[in-house]
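Asker:
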Amino acid sequence: MPELLIRNGYVFDPLNGIEGEGMDVAVKDGKIVERVGRKARVLDASGMTVMPGGVDIHSHIAGSKANCARMMRPEDHSRDPEVKTKYARSGVGHTIPSVFTTGYRYARMGYTTVFEPATPPLTTRHTHEELNDIPIIDKGCFPLFGNNWFVMEYVKQGRIEELAAYVAWMLEATKGYAIKIVNPGGIEAWRWGRNLRHLDDTVPNFDVTPREIVKALCQVNKLLDLPHAVHIHPNGLSEPGNYQTTLDTMECARDFRREGRPAMHVTHVQFTGRKGWSWADVRSGAPEIADYVNTHDHVTIDPGQLIFTNVTWMTADGPAMFALFKLAKTKWFNADVESETGAGIVSATYKKSNYVNAMQWGIALELALLVKDPWKIYLTTDHPNGGPFTSYPRVISWLVSNHARQKLIDKINKTAKRRLNLPGIDREYSLYEIATITRAATAKSLGLECKGHLGLGADADIAIYDIDPTKLDPAREYRIVRRAFAHAAYTLKEGRIVVKKGEVVRSVRGRTFWTKPKVSEDIKKTMMADLQSKFDDYYTVRMANYPIEERYLTASQAITTNAGV
Amino acid sequence: MPKATLQDVLCTFCASGCDNLEITYDGRIIDSARNGCAISVSRFTTSDKSRLLKPLVRKAGKLRPTTFARAVDRAARILNNAKYPLLYGWSQTSCEAISKGIELTELVGGLIDNTTTSCHGPTILGVQDAGEATSTLGEIRHSADLVIYWGCNPVHSHPRHTNRFTVFSKGRFRKTRKDRKLIVVDVRQTDTAKLADRFIQVQPNGDYELLTALRTAINGEQIEQETIAGVPVETVEEIADMMMECEFGALFFGLGLTMTAGKHRNTEAALALVKDLNFVTKFVIVPMRGWFNVAGANEVSTWQTGYPYAVDLSQGYPRFNPGDTSAIDAITRGEVDAALVVASDPVSHFPREAVKHLLKIPIIVLEPKRTPTSEAAEVVIPSAILGVEAAGTIYRIDGVALEAKKVIDPPIGVRPDVETLDTIIRRVKKLGARR
Amino acid sequence: MADLAITPVRQFKIPVTAECISPDFVAGKSLRETELTQVWEGNRKVKLGSLFKVAGEIGRTPNDCAIKIAGNVSAVRRIGYEMSGGSIQINGEAGMYLGERMKAGTITVTGNAGSWLGTQMRGGQIDVKGNAGDSIGGSVRGGTKGMRGGTITIHGDCGTEAGAWMQNGMIRVRGACDLYAGIHMKNGTIVVERGCQGRVGAQMTGGKVIVLGNAGGVLPSFQFEEIRERAKAGDEKIPGPFYVFSGDVNEGGKGQLFARVSDNPDLKLNERYLER
Amino acid sequence: MKELGALDGENVRLKTEFGEVILRASVSRQAPHKRVAFIPYGAWASMLFGTATHTSGMPTLKGVKATVERAGEAKIATLHEITRMKGE
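Residue numbers (this note's numbering), protein chains in the order written: chain A, 29 to 593; chain B, 583 to 1017; chain C, -15 to 260; chain D, 2 to 89.
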């Protein structure tokens, strides 16, 4: 691979404290290096912004859920096709793009790493088949543990060390990256058509509470020293007044903080950040949640920004999806997964005129603007729940420009406009902060040392946007910012140019990250005995056929950790 | 080579995905296949005389042995010159091969369809209108206290279904047969119906009316007719009550709904019935998919093109509209001018009028054994049998991905489909795809 | 009105997609330009001129364009796509998606027409002397919105699911309909003069289906209301008497199904519900 | 079978709107199903089906109206003959 010199760009590298300095970036063998030889190819980035490649921490792009949604919504695809080119395969888009289109559309925005945040362990082989097919971006997936029978039984018996050994075995078996919890205990209650609303409700037939499940898994996350925090979607999704459950859930992780690293990441907080007692009375819980995040160091969040467009709700939270289906009355899909988790999909449309939708839109932006430290909040739309990931540039324009926000605030539901705090907030993100919440902070949160920055030895994943930070005022020219972030001037993946002027010019294969915690043999032996004795009772597949071999991942990248158990 | 045994092998017959077979083999000969149903044994006998061992190309009207390279070249030229080629089959080959098939279809600008189009295609069309409330098969084993088989006969089609997943299985909350009630709805008293607590005989082509009546009863509305599709209205009310009073119901349906008049609207009515039931209790619905990787064909096609089957890539992007872009329709209208058939036998199974047109165009066949389709082909390339002589990913009825294992080596010179297709793709690229 | 004659040079077998054969596309173009327009024949991009002889003159605006097609174009899809004026006259067999998303103007076919005729049309007239295929005036795959306005008249028979997901407008079938006429219908009117195979108005939520001739029975999710002397179809009053049913109750529907008494003896037993 | 006067194992001719075929009849073990005959899928059965799919892609392969009559001495076609007949 030829050496490359990116000359004279304005570099934004928050991890290394570089804010818009004019400098060169040298690339050799896919890595950032000190300098390159004279015959290195030169890429002139003068007058342009140079950032690390985007890192998306939470986007439903692959797996059985995403594919059922694709299969169920041909009307969503036929409006947004991608014609094949010399370099790019054909596909379809809008809310749930096909795999090739997903990779190309992320690369066009300068994104080079994306994580699928919810995969049922039993069907993770399917998730990896799709991740293998997604071009260009590096990727990984979070297996679901919050309603797993083995987990709940270990929590009930208080056998935390065996639980840690089980989670370690599962991460290696499924080639997963981090612990994901969705509506802990609630999806098990959905087996009988019910749900759990609060942290201290009891899971039927298992006699444990969501609080106990969350605490145990936070402790396991610390014991296994996993790179990422516990990624959680609390109980009571979309219920009025659920902001309190979110705060209580955050409290569970208080004493599992690790030096310099949070214990918990609460995702798409907009869906669980509501005050009020009824649908007509939804209020913003953003101030309370932002205050908690600002005053504690063991938790990070992402807003799950909502866009006023047609979307596809998709989550493992089966009961919540059925509740929303009864309101939306559109198409509903549900798929419970034996002894592990569930899935729910509903097609929907967000309207400015709708009171609750307008409040959701406002709550998400309030969260992003009220959380002071950009290292604690990450840009997501919980694709495709809040909106398609292709709308990130529009969200960026709302964050950098109060004027852009106010224009839309004037068009939303009047009652919502009155009850939101958003109109009174005039904070505007700088490009430096945007670089933090879209790449530096997310890479750090995921524990990916070679991602999200341009320091020596980092992967040469680089995005170059046609914005001159010395001349452009993002607050006023937010349209230019939006267009620049939508069509990167250049995107480089491990040193190779894959996108030029917003078009894919080369397709490369990305790697799949997964974690391999090392657990002491004797604990593992006792756990394996439990597993072997109950596996055939709990599952309809044989234990020997459950694990996924490493060769199954076309480009595997394991991260080993030394467990304290 | 001493006799060897392989444990936990996946069966390659139906989509139940039994993965606890024990195969003993000696070199290239399989001795026995235990733990599966009676049919699984036949899937592991590979040495019968109808096995294709050499590539064949038609010269002067007769199929003559040829080299792999020459057969691939001929196949590549046929597909590359065609204006509207059909690539059909896919349900008995691996997901990796299907992925190559889609790449080849996009390259030559053709139509890719799988056997879903004459099996559970209407089920997917129903889901596209009504959504679906389903679960993996283990949930049903653990929790279902009411099981309904509608228009399907698992005792013959999915022999171990009842004792691995439903009434005879041992679940966490349902231990024995008496913890479950079984209803069978069919046009005749099948051997499955003989196991049922209640057997409902419905008139042929009357399923839609009966499903609609059940929905009406569940929605608490008055049914004004005395009998619906030959079933007395009192029985309809009774069955509706049974469905509403169970704790966890599971409705399995088969080709009795998808192949009779109404097709995708029959399945839509069944999906809507189960959706309505979720307002009063917990209910799931699962189609009885046929071939062991027909679900995989839908999954791969969906994640790569956005559509589960009948995908037209002739204009450089995916289009989907069964009735227009589905295999049997396109062939019958004489639109297709070349065909690649992988692991399927349309000359036997397609309606006569469609076969008449199919026999007029050059056919390329990738198949382990001789079939009427391979007999009528221009080019025949033998394939290694997935799950016996080649490994690959497959998808079970409920979308759980499993891995078919390679037990023995294929006959010399016989390759897995994924390799053959990859070679054809490279050859077409060398020929210079025009578009 | 400027007449433009587009004549197929042969009977097409490979599917042709030619949404450019529409007043909106040709309006204001020269003959040369029209001939050079690219259309798909199977997987090949070919010039329109290589498949059709183009003669006559082209009006400046869609309303001035009268396109005349003589011959069998049953393999040509999407003729009259999103047209907003003018007329298309097809002497022969027409293909699929005829007049899809049409806003105004008229399309007449002397022979038969394919399926998905008038899909999601908003206005205008389609008149087919022969038979029509399935799902006329319907929606796209997985979509929930069929035709919103305009009129479709089929003089022969038509296939299944006529007027699927119909939002408004009028469909008149002088012949017979196959199953599911008016399925998922929300509004609008369908008149079928020589009966249906059955399952009329399945899962409809509104609108009206008037069946002269045998309706093939009524679904159990419809409730008998009354016998009415006449049925109103747009501004026309069709003499009855009619059995009137409301449904589909499974969808909480307020649709109406009119079945003429004389042609539906099998519905006689509903008369017992009439108050004496 | 009684109505037909056919014996178990006797050849019968099945006719539908789309084609006809000679098959060997046998008393159904999963009877009674008056006036309904069952044939396993395959080359012979597909002689009887039409190709209309009514926008579903699926031809009608069950619940097809057919007439059955005793076939007397007529022989059952071989697989090869069936394929040839489909080609005409």
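C-beta atoms are modelled at their ideal positions from N, C-alpha and C, and glycine is treated no differently.
Quickly, what does DSSP pair A:Ala206 with across the bridge? List them, please.
Answerer: Stepping through the first sequence from its first residue, residue 206 of chain A is reached at position 178. Answer is none; A:Ala206 lacks a bridge partner.
Asker: Helix or strand or just coil, what does DSSP make of B:Leu984?
Answerer: The residue labelled residue 984 of chain B in the question sits at position 402 within the second sequence. It is a strand residue.
Asker: Count the other CB atoms, across all protein chains shown, that sit within 10 Å of the CB of A:Gln560; report buried if there are 16 or more and exposed otherwise.
Answerer: Position 532 of the first sequence, counted from the start, is the residue given in the question as residue 560 of chain A. Exposed, since its Cβ has fewer than 16 Cβ neighbours within 10 Å.
Asker: Find the residues of chain A that neighbour C:Gly127, judging by a C-beta separation of less than 9 Å, and give them in chain order.
Answerer: Sequence index remark: in the third sequence, residue 127 of chain C carries index 143 (1-based). Simply Pro102, Glu103 and Ser106.
Asker: Any beta-carbon of chain A closer than 8 Å to the one on C:Val157?
Answerer: What you label residue 157 of chain C is simply residue 173 of the third sequence in a count that begins at 1. Chain A, which has no Cβ nearer than 8 Å to the Cβ of C:Val157, makes this no.
Asker: What in chain B is Cβ-close to D:Met48, meaning under 8 Å?
Answerer: Looking up residue 48 of chain D in the fourth sequence gives position 47. Residues of chain B passing the Cβ test: Arg934.
Asker: List, in order along the chain, the chain B residues whose C-beta lies closer than 9 Å to that of A:Ala363?
Answerer: In the first sequence, the residue the question calls residue 363 of chain A occupies position 335. Correct list: Glu714, Ala715, Thr716, Ser717, Thr718, Val866, Asp980 and Gly981.
Asker: Taking one C-beta from the region 204 to 213 of chain A and one from the region 349 to 365 of chain A each time, how about it: are there three or more such pairs within less than 8 Å?
Answerer: Judged by Cβ distances under 8 Å, the region 204 to 213 of chain A makes no contact with the region 349 to 365 of chain A, as fewer than three pairs qualify.
Asker: Does the Cβ of A:His431 have 16 or more other Cβ atoms within 10 Å, making it buried, or fewer, making it exposed?
Answerer: For the purposes of this step, residue 431 of chain A is taken as residue 403 along the first sequence, with counting starting at 1. That one is exposed.
Asker: To the nearest whole angstrom, what separates the beta carbons of B:Phe830 and B:Ser725, a pair I think is in contact under 8 Å?
Answerer: Here the question's residue 830 of chain B lines up with position 248 in the second sequence. Here the question's residue 725 of chain B lines up with position 143 in the second sequence. About 4 Å separates the two Cβ atoms, so the contact holds.
Asker: Buried or exposed for A:Pro381, please, with buried defined as at least 16 other CB atoms from any protein chain shown within 10 angstroms of its CB.
Answerer: As a first step, residue 381 of chain A is located in the first sequence; it is residue number 353 there, counting from the start. For the sequence presented, residue 381 of chain A should be read as Ser rather than Pro. So A:Ser381 counts as exposed.
Asker: What three-state label does DSSP hand C:Ala347 in the structure shown?
Answerer: There is no way to answer for residue 347 of chain C, as the model of chain C reaches only from -15 to 260.
Asker: Would C:Arg183 pass as an interface residue toward chain B - the criterion being a Cβ-Cβ separation below 8 Å?
Answerer: As a first step, residue 183 of chain C must be located in the third sequence, where it is residue number 199. Chain B, which has a Cβ nearer than 8 Å to the Cβ of C:Arg183, makes this yes.
Asker: Kindly say whether D:Pro41, judged by its beta-carbon, lies nearer than 8 Å to any beta-carbon of chain B.
Answerer: In the fourth sequence, residue 41 of chain D corresponds to position 40, counting from 1. Not closer than 8 Å to any Cβ of chain B, the Cβ of D:Pro41 fails to qualify, so no.
Asker: Would B:Glu688 count as contacting chain A if we go by Cβ distances under 8 Å?
Answerer: Start at 1 with the first residue of the second sequence, and residue 688 of chain B comes out as number 106. Yes, B:Glu688 counts as interfacial toward chain A.
Asker: Among the candidates A:Trp542, A:Arg534, A:Phe563 and A:Pro238, whose CA atom is the shortest distance from the CA of A:Ala115?
Answerer: Position 87 of the first sequence, counted from the start, is the residue given in the question as residue 115 of chain A. What sits at residue 115 of chain A in the sequence shown is Tyr, not Ala. The option with the nearest alpha carbon to A:Tyr115 is A:Arg534.
Asker: The beta strand (DSSP E) spanning A:Cys280 covers which residue range?
Answerer: Residue mapping note: residue 280 of chain A aligns to position 252 of the first sequence, counting from 1. First-last for A:Cys280: Tyr271 to Cys280, but that is the alpha helix (DSSP H), not the beta strand (DSSP E).
Asker: What is the DSSP secondary structure of A:Val294, counted as helix, strand or coil?
Answerer: In the first sequence, the residue the question calls residue 294 of chain A occupies position 266. It is a strand residue.
Asker: Please compile the residues from chain B whose C-beta is within a distance smaller than 7 Å of the C-beta of A:Asn95.
Answerer: For this step, residue 95 of chain A is matched to residue 67 along the first sequence. Residues of chain B passing the Cβ test: Glu881, Thr884 and Trp885.
Asker: Between C:Thr103 and chain B, is any beta-carbon pair separated by less than 8 Å?
Answerer: Here residue 103 of chain C refers to the residue found at position 119 of the third sequence. So no, C:Thr103 is outside the interface.
Asker: Run the CB neighbour count on B:Asn875, radius 10 Å, all protein chains shown included, and call it buried at 16 or more, exposed below.
Answerer: For the purposes of this step, residue 875 of chain B is identified with residue 293 of the second sequence, where counting begins at 1. It is buried - the Cβ of B:Asn875 has at least 16 other Cβ atoms within 10 Å.
Asker: By the DSSP assignment, the alpha helix (DSSP H) with A:Gln388 in it spans what residues?
Answerer: As a working mapping, residue 388 of chain A is identified with position 360 in the first sequence. Unbroken alpha helix (DSSP H) run through A:Gln388: Tyr383 to Leu398.
Asker: With which residues is C:Ala50 paired in a DSSP beta bridge?
Answerer: Here residue 50 of chain C is taken as the residue at index 66 of the third sequence, counted from 1. Per DSSP, C:Asp(-13) and C:Ser71.
Asker: Under a three-way DSSP split, which group does B:Tyr790 fall into?
Answerer: As a working note, residue 790 of chain B is residue 208 in the second sequence. Here B:Tyr790 sits in helix by DSSP.
Asker: According to DSSP, is B:Leu707 helix, strand or coil?
Answerer: For the purposes of this step, residue 707 of chain B is identified with residue 125 of the second sequence, where counting begins at 1. B:Leu707 falls in the helix class under three-state DSSP.
Asker: As a quick exercise: from A:Glu31, A:Gly82 and A:Ile495, pick the residue whose alpha carbon is nearest that of A:Cys595.
Answerer: With chain A covering 29 to 593 only, the question about residue 595 of chain A has no answer from this structure.
Asker: So, with DSSP's three-state summary, where would you put A:Glu366?
Answerer: On the first sequence, position 338 is the one that residue 366 of chain A refers to. A:Glu366: coil per DSSP, three-state reduction.
Asker: Just to confirm the assignment, what range does the beta strand (DSSP E) spanning A:Asn338 have?
Answerer: The count along the first sequence starts at 1 and reaches residue 338 of chain A at position 310. Run containing A:Asn338: Asn338 to Thr343, per the beta strand (DSSP E) assignment.
Asker: For my contact list, A:Val61 and A:Leu33 are in at a C-beta cut-off of 8 Å; report their separation, rounded to the angstrom.
Answerer: Along the first sequence, read from residue 1 onward, the residue named residue 61 of chain A stands at position 33. Along the first sequence, read from residue 1 onward, the residue named residue 33 of chain A stands at position 5. Going by Cβ atoms, the distance from A:Val61 to A:Leu33 rounds to 10 Å, so no, they are not a contact pair.
Asker: By Cβ distance, which residues of its chain are closer than 7 Å to D:Thr54, with the 5 residues on each side in sequence left out?
Answerer: Taking the fourth sequence and counting its residues from 1, the one referred to as residue 54 of chain D is at position 53. Once the five neighbours on either side are set aside, the close Cβ partners of D:Thr54 are Pro60.
Asker: If you count every other CB in all the chains shown that lies within 10 Å of the CB of A:His256, and 16 or more means buried, which is it?
Answerer: The sequence position of residue 256 of chain A within the first sequence is 228, counting from 1. A:His256 is buried by the Cβ-count criterion.
Asker: Would you mind telling me which residues of chain C sit closer than 7 Å to D:His81, beta carbon to beta carbon, in chain order?
Answerer: Taking the fourth sequence and counting its residues from 1, the one referred to as residue 81 of chain D is at position 80. Within 7 Å Cβ-Cβ: nothing; D:His81 doesn't reach chain C, min ~29 Å.
Asker: If we cut at 8 Å on Cβ distances, does D:Ser57 have a partner in chain B?
Answerer: For the purposes of this step, residue 57 of chain D is identified with residue 56 of the fourth sequence, where counting begins at 1. Interface residue, yes.
Asker: Within the same chain, show all residues whose beta-carbon is closer than 8 Å to that of B:Arg1017, passing over the 5 residues directly before and after it, in chain order.
Answerer: Within the second sequence, residue 1017 of chain B is the residue found at index 435, counting from 1. Annotation note: pLDDT 47 at B:Arg1017 (below 50); position unreliable, coordinate value reported separately. Closer than 8 Å at the Cβ level, and outside the excluded window around B:Arg1017, lie Gly691 and Gly898.
Asker: So is A:Asn176 in contact with chain B if we call contact Cβ pairs under 8 Å?
Answerer: The residue you call residue 176 of chain A lines up with position 148 of the first sequence. With 8 Å as the cut-off, A:Asn176 does not count as an interface residue toward chain B.
Asker: DSSP has A:Met79 in a bridge; who is on the other side?
Answerer: Here residue 79 of chain A refers to the residue found at position 51 when the first sequence is read from its first residue. BP columns for A:Met79 point to A:Ala491.
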